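In the UniProt record's numbering, the protein residues as written are 1 to 527. Just below is one structure, and these are the notes that go with it.
Rendered as structure tokens:
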């Protein structure tokens, strides 16, 4: 079946028995659980209220990393929990890069130093970071002088610096990565739906255990009812809402932190090396990262009230511009900002009695799997993008042992190549793009977005009238891609394409609006 809502509803209607596992939430964590569950042989349904990765999972800092800051906190505070989280994330980092090489790749990051003590301090820290990575280490860190730093980052203000430390983490296309996990789960047999909102649970009259989920299709308004054995709540910052739908007596467990980012033109930061600003006036870290022909600056870390689609504030934009300009030769102003976005991080509260009283910078970004003993709702809480697969594995282990009361099965996701991640025949690819007169810019776009599936996309565009023509001469997108995204990637409105399937509006609001204005008839928005 195609990855379309029509086919997924047909799959549900054809199902004559209850689902083993229903997952609420189509971000990184929910996607990971869906793939793990279906590979263990379970019948799986996943529903998402909005678009896949529509909230936090598409608004990250785009890093696949262990967390240098968390390692520093672990050492300073002798915090075993922080250390374990860094260890897990560093060992998952290489897995993420290997399983979807078109969507994740190594990234060089430079940490500037202003004294000999800085070089020793950060050098030891990065050495330890490498050692913890072990055989999964991407490349050893190294000390650099100012001249070499200028070569790597021509826009960097090196005056006053005493060299720096170069280390390596990873970078990902977060929205596409989540989609690739979901496409993989669907290919293996799971039913996957976006724009379907959970209405309520059907509980057993005696035990009050969840027996059914009731959800509404937000596009056609129809209500649906599905029987299931287990429900997994993977809704990130919105976890408490689902928990209390299952059991009103459950106390809130989550706290949210807002991470704001701004995007600037690539001309402000040439080269492929990112910068880690290790110390700000208020004790945070800020990254300056080359990102898909732009430069991403972020992030903040402030307590926030839970909301959908939070907007960046003027003071956050000013804060990030200030730190960018402290380190960049080319001074950027508010007028230079192409876009800004905010992701709300789901942080697990360390103590229930301290709800909304602790500082978000001190909260551990690790995860916990909770089973409500009355409803048997399984909630996966906390975590970060890099550890999504471990979070899913832990969740499925708990589901099997504590809810289904079965022996824990092996997890098969560690070496599973995600949708589009197969190796492409370079000779055949070059022949195809040459024969179809595809520009280098469009060819790069197709490979980076679709991976191996780019061949299928080209074949689809070739069949469409005018499908191989560009939407706009200055942009790499093909006319035929729009219908492909609707028919094979469950894109239901302009926002799905511009913010997540292509991500252009997340990087450049003006270019996103340009596409929408040119092809405004392509979608009749249901919002």
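Don't be surprised by glycine CBs; every beta carbon is placed ideally from N, CA and C. Computed from a predicted model, the values in this text were never measured in an experiment.
query, result
"Contact the segment 136 to 146 vs the segment 36 to 51: 3+ CB pairs below 8 Å", "no"
"Residue 215, DSSP secondary structure in three states", "strand"
"Nearest neighbour of residue 6, chosen from 471, 220 and 423 [CA to CA]", "220"
"DSSP state of residue 325 mapped onto helix, strand, coil", "helix"
"Beta-carbon separation (whole angstroms), residue 237 vs residue 346, contact threshold 8 Å", "5 Å"
"Endpoints, beta strand (DSSP E) assigned at residue 581", "Residue 581 is absent from the model: the chain starts at 1 and stops at 527."
"Coarse secondary structure for residue 527, derived from DSSP in three states", "Any reading at residue 527 must be qualified, since the residue scores a pLDDT of 46, below 50, and its modelled position is unreliable; no value is offered."
"Residues near residue 224 by beta carbon distance below 8 Å, same chain, minus five either side", "12, 196, 214, 215, 216 and 217"
"Whole-Å CB distance - residue 154 paired with residue 271, under 8 Å assumed", "6 Å"
"Residue 472 - containing alpha helix (DSSP H), residue span", "First-last for residue 472: undefined, no H or E at that position."
"Assigned secondary structure, residue 435 (DSSP; H/G/I helix, E/B strand, else coil)", "helix"
"Proximity to residue 390 [Cα-Cα], best of 377, 413, 371 and 374", "413"
"Residue nearest to residue 132 in terms of C-alpha spacing, selected from 111, 93, 239 and 2", "93"
"Distance between beta carbons of residue 26 and residue 588, contact taken as under 8 Å", "The chain is shown from 1 up to 527; residue 588 falls before or after that span and cannot be answered."
"Sub-8 Å separation of residue 65 and residue 169 beta-carbons", "yes"
"Close beta carbons around residue 506, own chain, < 7 Å, minus the five adjacent residues each side", "339, 341 and 499"
"Cutoff 7 Å; reference residue 123; Cβ partners in own chain excluding five residues on either side", "143 and 165"
"Distance between residue 444 and residue 421 (C-alpha atoms, nearest Å)", "15 Å"
"Residue interval of the alpha helix (DSSP H) (run including residue 397)", "388 to 398"
"Where residue 181 falls, given that 16 or more other Cβ within 10 Å makes a residue buried", "buried"
"As assigned by DSSP and simplified to three states, the class of residue 496", "helix"
"Residue 354 versus residue 286 - alpha carbon distance", "For residue 354, the pLDDT reaches just 42, beneath the cut-off of 50, and the residue's location in the model is therefore unreliable, although a value from the coordinates is still provided. Approximately 28 Å between the Cα atoms of the pair."
"Where the alpha helix (DSSP H) containing residue 125 begins and where it ends", "116 to 133"
"Supposed close pair residue 199, residue 212 - CB separation, criterion 8 Å", "Between residue 212 and residue 199 the Cβ distance is about 11 Å, and since that is not below 8 Å, they are no contact."
"Alpha-carbon spacing of residue 109 relative to residue 167, whole angstroms", "5 Å"
"Whole-angstrom distance between residue 454 and residue 470, CA atom to CA atom", "16 Å"
"Beta-carbon proximity check, residue 305 vs residue 55, cutoff 8 Å", "no"
"Residue 445: first and last residue of the uninterrupted alpha helix (DSSP H) it sits in", "440 to 450"
"Inter-stretch contact at 8 Å, needing at least 3 Cβ pairs: the segment 233 to 247 / the segment 85 to 99", "no"
"Where residue 226 sits in the DSSP three-state scheme", "strand"
"Helix, strand or coil at residue 252 according to DSSP, with G and I counted as helix", "coil"
"Outcome for residue 114 when other beta-carbon atoms lying within 10 angstroms are tallied against a minimum of 16", "exposed"
"Inter-residue spacing [alpha-carbon to alpha-carbon] between residue 127 and residue 162", "18 Å"
"Close beta carbons around residue 158, own chain, < 6 Å, minus the five adjacent residues each side", "146, 149 and 150"
"Three-state secondary structure assigned by DSSP to residue 4", "coil"
"Buried/exposed call for residue 295, threshold 16 Cβ in 10 Å", "buried"
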